[in-house]
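Asks: Below: one structure in structure tokens.
Protein chains: 2
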Amino acid sequence: MKKLSPTIRDVAAAAGVSVATVSKYMNGAQRFSAPVEAKLKAAIEDLGYRSNPLARSMITGRTRTIGLTILDIANPHFTNVVKGANRIALRHDYTLLLVDIDETQALERPLIEALAQRVDGLIVSSRLSDEEARWMLDLGKPLVLLRRSDELPIPSVGIDNRLAAYMLARHLVNLGHRQIAYLGFGHARINDERIRGVRECLDEVGLTLDVHDAHAPTARAGEHACSRVMLGPHRPQAVICYNDLIALGFMKEAASLGIRVPEDVSVTGVDNVPYSEYASPALTTVDVQSEKMGELAMQKLIDALAGHPDTGHSMFEPRLIVRDSTAPCR
Amino acid sequence: MKKLSPTIRDVAAAAGVSVATVSKYMNGAQRFSAPVEAKLKAAIEDLGYRSNPLARSMITGRTRTIGLTILDIANPHFTNVVKGANRIALRHDYTLLLVDIDETQALERPLIEALAQRVDGLIVSSRLSDEEARWMLDLGKPLVLLRRSDELPIPSVGIDNRLAAYMLARHLVNLGHRQIAYLGFGHARINDERIRGVRECLDEVGLTLDVHDAHAPTARAGEHACSRVMLGPHRPQAVICYNDLIALGFMKEAASLGIRVPEDVSVTGVDNVPYSEYASPALTTVDVQSEKMGELAMQKLIDALAGHPDTGHSMFEPRLIVRDSTAPCR
DNA sequence: TTGAAAGCGCTAACAC
DNA sequence: GTGTTAGCGCTTTCAA
Numbered sequence: 001m002k003k004l005s006p007t008i009r010d011v012a013a014a015a016g017v018s019v020a021t022v023s024k025y026m027n028g029a030q031r032f033s034a035p036v037e038a039k040l041k042a043a044i045e046d047l048g049y050r051s052n053p054l055a056r057s058m059i060t061g062r063t064r065t066i067g068l069t070i071l072d073i074a075n076p077h078f079t080n081v082v083k084g085a086n087r088i089a090l091r092h093d094y095t096l097l098l099v100d101i102d103e104t105q106a107l108e109r110p111l112i113e114a115l116a117q118r119v120d121g122l123i124v125s126s127r128l129s130d131e132e133a134r135w136m137l138d139l140g141k142p143l144v145l146l147r148r149s150d151e152l153p154i155p156s157v158g159i160d161n162r163l164a165a166y167m168l169a170r171h172l173v174n175l176g177h178r179q180i181a182y183l184g185f186g187h188a189r190i191n192d193e194r195i196r197g198v199r200e201c202l203d204e205v206g207l208t209l210d211v212h213d214a215h216a217p218t219a220r221a222g223e224h225a226c227s228r229v230m231l232g233p234h235r236p237q238a239v240i241c242y243n244d245l246i247a248l249g250f251m252k253e254a255a256s257l258g259i260r261v262p263e264d265v266s267v268t269g270v271d272n273v274p275y276s277e278y279a280s281p282a283l284t285t286v287d288v289q290s291e292k293m294g295e296l297a298m299q300k301l302i303d304a305l306a307g308h309p310d311t312g313h314s315m316f317e318p319r320l321i322v323r324d325s326t327a328p329c330r
Numbered sequence: 001m002k003k004l005s006p007t008i009r010d011v012a013a014a015a016g017v018s019v020a021t022v023s024k025y026m027n028g029a030q031r032f033s034a035p036v037e038a039k040l041k042a043a044i045e046d047l048g049y050r051s052n053p054l055a056r057s058m059i060t061g062r063t064r065t066i067g068l069t070i071l072d073i074a075n076p077h078f079t080n081v082v083k084g085a086n087r088i089a090l091r092h093d094y095t096l097l098l099v100d101i102d103e104t105q106a107l108e109r110p111l112i113e114a115l116a117q118r119v120d121g122l123i124v125s126s127r128l129s130d131e132e133a134r135w136m137l138d139l140g141k142p143l144v145l146l147r148r149s150d151e152l153p154i155p156s157v158g159i160d161n162r163l164a165a166y167m168l169a170r171h172l173v174n175l176g177h178r179q180i181a182y183l184g185f186g187h188a189r190i191n192d193e194r195i196r197g198v199r200e201c202l203d204e205v206g207l208t209l210d211v212h213d214a215h216a217p218t219a220r221a222g223e224h225a226c227s228r229v230m231l232g233p234h235r236p237q238a239v240i241c242y243n244d245l246i247a248l249g250f251m252k253e254a255a256s257l258g259i260r261v262p263e264d265v266s267v268t269g270v271d272n273v274p275y276s277e278y279a280s281p282a283l284t285t286v287d288v289q290s291e292k293m294g295e296l297a298m299q300k301l302i303d304a305l306a307g308h309p310d311t312g313h314s315m316f317e318p319r320l321i322v323r324d325s326t327a328p329c330r
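What follows is the structure in structure tokens.
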């Protein structure tokens, strides 16, 4: 058994040609005379030669790898973003180098800087504010952000959070709800946009908003927050949750507390994660096209890599999905 | 603005030392005299030098990257495996190169072979049988399989599927169910083990098993199969589903059909995905410790990389989680 | 169409 | 401690 894998030189020797010829053959760079081609083919087959992508990348400067940083891969919304991004990447023969920000106590900056060195481009979802993320401009690699950035000239993909929240509020108002609460996740950058959207709608009809905060964007946190929201001083008739996970947890805990959804309280989420449909009652939410977001982000990046940069922000249109967790106020 | 990033030679020149010294400094290989260290530090800072990991990898032969192929990242079970694997990887300064088998129409073999060239080791979850996967032995890289392989001398991690299924069947039998159906996913390699486990239990009490098949391991497929199972000739009192996703879909469709869970039919899953707990009724299932599986697989791989190979199969003990989707037969 | 030679940016002996 | 040098496996002019 031979330990080391054969190099281009081994092939050249075996085929009786130069390494340059082998290289060109491997890259399909040109045509060859029949005898040379035959010998090359035989030698490569014989030796089981596969060109070393590392050496290749070092010269070409391209790795055919895309770096993807995600806030939390366990959140089905982000999982679907990854799924979509991966689909497009694969289609163009790129692979994903994945970083789950949630799992790393290290600072994001050095992590992303290190990542940037190993990939052709990055898709970044991060907790950093525009100001804190300014250094990303100097990464020297094409970049796509997974949220709008007004300050930075970096292409991005996202949904209209204000509108999404506005639609949910409008839906609840139309159902006759007057005491509406928002159960947010203040740590997220888009939380404010969602609050703004809800407020905008409530202002129009002269209602005020009760804002609560979950300690994480997870079902567990939603469970935890439920009693605080429902059994505190201002019991709401409807609760708009920051995302589906919080809403799912909230609904579960409500059931434990003997509070019926939607009879006693209407509940909504955002994201339309796959399981929102299988909860009971099925969750009213806003679809944000997670997979399409991933796909588009990757497409933009690949376009940029091909020399067609697109510096704009692409905003997906949110779509209200009414299911069984919201009902007319009684 | 300078386009190219500085090389080790630029630093050496700026600091007035040799490239070897810079290299050693970057790798913390030894101690340096105060003046050299100071100059090095200044030059590196000045130029914003970062060593090129590609060039480094080419020489050392190590990329600090682990390849991870997963059947379907959208399945929360696998998502959690990734989460766990990523956690351990990060802790040892490794990054994940992810491939979602579900998304690739390409053959697994060339895909994994190409992946193997770019990583230090691989964790593989694949549809291939032991026989079909024999070539993996020649990959030349440490490998960990995400299912037991009796034929191949490759370390692996998994759960005792037979026992998991046995426990579910026993639970249902103990509840008094006599007409028990299994809604499987025949395309999966472990489906047979689960059928065997169920049969083993039913044989002990003299019952027979009705086996159905879902066309995918997804909630959608579970929905699709429900009427076929429940409204066909042998209506079961309890249904053991291949996994939680199928069970979740099954329960949703059952509700649509006016069939109550667990009053009319008990339903179980396998995996204990996060959302099984938030479904209503909450799903009785078997916990398979998805995250721990990922963690252990990665730990084994990293141990192998460090020269401590572990060729055994690590079997997690399944744990029955009884929730509200199962009840005594009436 | 083919080949010779000059590197890509870095590490690893080995010498000083 | 520090420097010299010889590559790692490959691509890429440029000449033949």
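Quick note, the sequences are listed as chains A and B, same order.
Under full-length UniProt numbering, the residues of the first sequence are numbered 1 to 330, in order.
Under full-length UniProt numbering, the residues of the second sequence are numbered 1 to 330, in order.
For each residue, glycine too, the CB sits at the ideal point set by N, CA and C.
1. Measure the C-alpha to C-alpha separation of Y94 (chain B) and P53 (chain B) and round it to an integer number of angstroms.
2. Anyone know if the C-beta pair for G249 (chain B) and A221 (chain B) falls short of 9 Å?
3. Return helix, strand or coil for R64 (chain A), following the three-state DSSP convention.
4. Count the other CB atoms within 10 Å of the CB of residue 331 (chain B); is the residue buried (16 or more) or exposed (fewer)?
5. Counting pairs of Cβ atoms below 8 Å between the segment 165–185 of chain A and the segment 235–249 of chain A, do you hit three or more?
6. Between which two residues does the beta strand (DSSP E) containing G158 (chain B) stretch?
7. Could you confirm whether any beta carbon from chain A is found closer than 9 Å to the beta carbon of S57 (chain B)?
8. So T79 (chain B) contacts chain A; which residues on that side make the cut at Cβ distance below 7 Å?
9. Check whether the segment 140–149 of chain B and the segment 270–285 of chain B are in contact - that is, three or more C-beta pairs closer than 8 Å.
10. For chain B, is any of its Cβ atoms less than 9 Å away from the one on P153 (chain A)?
11. Looking at C-alpha atoms only, which residue of B:A214, B:E151, B:R228, B:A14 is the closest neighbour of A42 (chain B)?
12. Give the residues from the segment 79–104 of chain A that approach chain B closer than 8 Å (Cβ to any Cβ), ordered along the chain.
13. Can you list, in chain order, the residues of its chain with a C-beta nearer than 7 Å to that of G312 (chain A)? Leave out the 5 residues immediately preceding and following it.
14. When you compare the segment 116–124 of chain A with the segment 62–81 of chain A, are there three or more beta-carbon pairs, one atom per stretch, that lie closer than 8 Å?
15. Any heavy atom of the ligand SAM closer than 8 Å to the Cβ of E295 (chain A)?
16. Return the chain-ordered list of same chain residues with a C-beta closer than 6 Å to the C-beta of N191 (chain A), the five sequence neighbours on each side being excluded.
17. For the segment 245–275 of chain A, which residues have a beta carbon sitting closer than 9 Å to at least one beta carbon of chain B?
18. Do you know whose CA, among B:E223, B:V229, B:D203, lies nearest V211 (chain B)'s CA?
19. Suppose you measure from the CA of D203 (chain A) to the CA of S290 (chain A); what does that come to, to the nearest Å?
20. Buried or exposed: I59 (chain B), going by 16 or more other Cβ atoms within 10 Å of its Cβ?
21. Does any C-beta atom of chain B lie closer than 9 Å to the C-beta of L54 (chain A)?
22. In three-state terms, what does DSSP make of E74 (chain B)?
23. Using DSSP with H/G/I as helix, E/B as strand and the rest coil, what is H187 (chain A)?
24. Quick check: what's the CA-CA separation for E317 (chain A) versus N161 (chain A)?
25. Which term fits L98 (chain A), buried or exposed, when burial requires 16 or more other beta carbons within 10 angstroms of its beta carbon?
26. Any contact of the segment 285–303 of chain B with the segment 252–261 of chain B, i.e. 3+ C-beta pairs under 8 Å?
27. So, helix, strand or coil for K2 (chain B), using DSSP?
28. If I follow the unbroken beta strand (DSSP E) through I240 (chain B), where does it start and stop?
29. Taking C-beta to C-beta, are T26 (chain B) and S51 (chain B) nearer than 9 Å?
30. CA-CA distance, A297 (chain B) and V82 (chain B)?
31. Could you tell me which uninterrupted beta strand (DSSP E) segments, each at least 3 residues in length, are contained entirely in the segment 81–139 of chain A, listed from first to last along the chain?
32. DSSP puts L209 (chain B) in a beta bridge; with which residues?
33. Nearest CA to the CA of S314 (chain B): which residue from B:G294, B:L231, B:L115?
34. Could you work out which residue in B:L111, B:G258, B:T326, B:E200 is closest to S227 (chain B) when comparing CA atoms only?
35. Based on Cα-Cα distance, which residue from B:L139, B:R109, B:A219, B:R330 lies nearest to S266 (chain B)?
36. G84 (chain B): which of A:A306, A:R134, A:R170, A:I73 sits nearest, CA to CA?
Replies: Reading off the structure:
1. Roughly 13 Å separates the two Cα atoms.
2. yes
3. coil
4. One cannot answer for residue 331 (chain B) here, as it falls past the ends of chain B, which runs 1 to 330.
5. yes
6. 156–159
7. Yes, its Cβ sits closer than 9 Å to a Cβ of chain A.
8. Simply I73, A74, T79.
9. no
10. Chain B contact via Cβ: absent.
11. Closest by C-alpha distance to A42 (chain B), out of B:A214, B:E151, B:R228, B:A14, is B:A14.
12. Answer set for the segment 79–104 of chain A: T79, N80, V82, K83, N86, R87, L90, T95, L96, L97, L98, V99, D100, E103, T104.
13. P155
14. Contact between the segment 116–124 of chain A and the segment 62–81 of chain A is present: 3 or more CB-CB pairs across the two stretches fall below 8 Å.
15. By its list of ligands, the structure shown contains no ligand whatsoever, and the ligand SAM lies outside what it can speak to.
16. The residues are G184, F185.
17. L245, L248, G249, M251, K252, A255, V273, P274, Y275
18. B:V229
19. 30 Å
20. exposed
21. yes
22. The question names Glu, but residue 74 (chain B) is Ala in the sequence shown. Looking at A74 (chain B) - three-state DSSP - the assignment turns out to be coil, as it is neither helix nor strand.
23. coil
24. Spanning the two alpha carbons is a distance of roughly 9 Å.
25. Per the 10 Å Cβ criterion, buried.
26. They do not touch, by the three-pair rule.
27. Its pLDDT being 44, under 50, K2 (chain B) is placed unreliably by the model, and the measurement read from it follows with that caveat. Residue state, collapsed to three classes: coil.
28. 238–241
29. A quick correction: the sequence has Met, not Thr, at residue 26 (chain B). Yes, these two residues count as a Cβ contact at 9 Å.
30. Cα to Cα, A297 (chain B) sits roughly 10 Å from V82 (chain B).
31. Runs of the beta strand (DSSP E) lying entirely within the segment 81–139 of chain A and spanning at least 3 residues, in chain order: 95–100, 121–124.
32. B:I180
33. B:G294
34. Considering only B:L111, B:G258, B:T326, B:E200, the residue with the shortest C-alpha distance to S227 (chain B) is B:G258.
35. B:R330
36. Across the set A:A306, A:R134, A:R170, A:I73, the C-alpha of A:I73 shows the shortest separation from the C-alpha of G84 (chain B).
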